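This report concerns only the one structure given below.
In the working numbering, the protein residues as written are 68 to 213.
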């Protein structure tokens with residue numbers, strides 16, 4: 068599993084002009100799943116994300132988590148995070164889980180985050196052509212892999 072997490076002031080995702088998810092201050096999480104991902108992988112990543120101390124404290128140091136600041140999380144599936152572009156000029160996506168595997172992983176991951184945060188976690192639409200808009204705060208962008 069690979070995620071790109073961005074600290075944002077706001078973010079939203081649309082599909083064919085229809086808003087599917089929107090948040091204020093918090094984390095935009097772009098998530099890619101591998102065929103070998105499992106429940107322990109999802110649990111580790113969900114806990115890591117909500118505990119990641121990348122929000123400023125009263126002294127301006129990155130010392131608070133999304134939970135600490137009562138922030139929101141928006142999750143967008145992105146199989147291209149598992150691309151391999153080491154050879155040639157056309158990326159290979161064989162490292163990404165096929166939809167039959169990835170969809171349940173994605174849904175379980177979102178449910179874990181919802182439970183851990185105690186609030187709904189808006190999402191994009193798996194497999195759709197999505198448009199993601201965000202105001203990156205910092206900017207702070209981190210890649211996590213498990």
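Glycine included, C-beta positions come from ideal geometry on N, C-alpha and C. The model shown is predicted, which means the values in this text are computed figures rather than measured ones.
- Simplified DSSP assignment, three categories, for residue 204: Correct three-state label for residue 204: strand.
- With distances taken between CB atoms, is the gap from residue 176 to residue 98 smaller than 9 Å? Cβ distance < 9 Å, so residue 176 and residue 98 count as in contact.
- Message: Just to confirm my understanding: we take residue 194, look at its own chain, exclude 5 residues before and 5 after, and list those with CB closer than 7 Å. What are they?
- Response: 166.
- Using the beta-carbon count (16 or more within 10 Å), is residue 206 buried or exposed? Its Cβ having fewer than 16 others within 10 Å, residue 206 is exposed.
- Proximity to residue 131 [Cα-Cα], best of 145, 116, 89: A check of alpha carbon separations from residue 131 across 145, 116, 89 identifies 116 as the nearest.
- Task: Specify the secondary structure class of residue 122 as computed by DSSP and reduced to three states.
- Result: In the displayed model, residue 122 falls within a strand according to three-state DSSP.
- Query: If you pair each beta-carbon of the region 186-202 with each one of the region 69-83, do three or more pairs fall below 8 Å?
  - Reply: With the cut-off at 8 Å, the region 186-202 and the region 69-83 touch.
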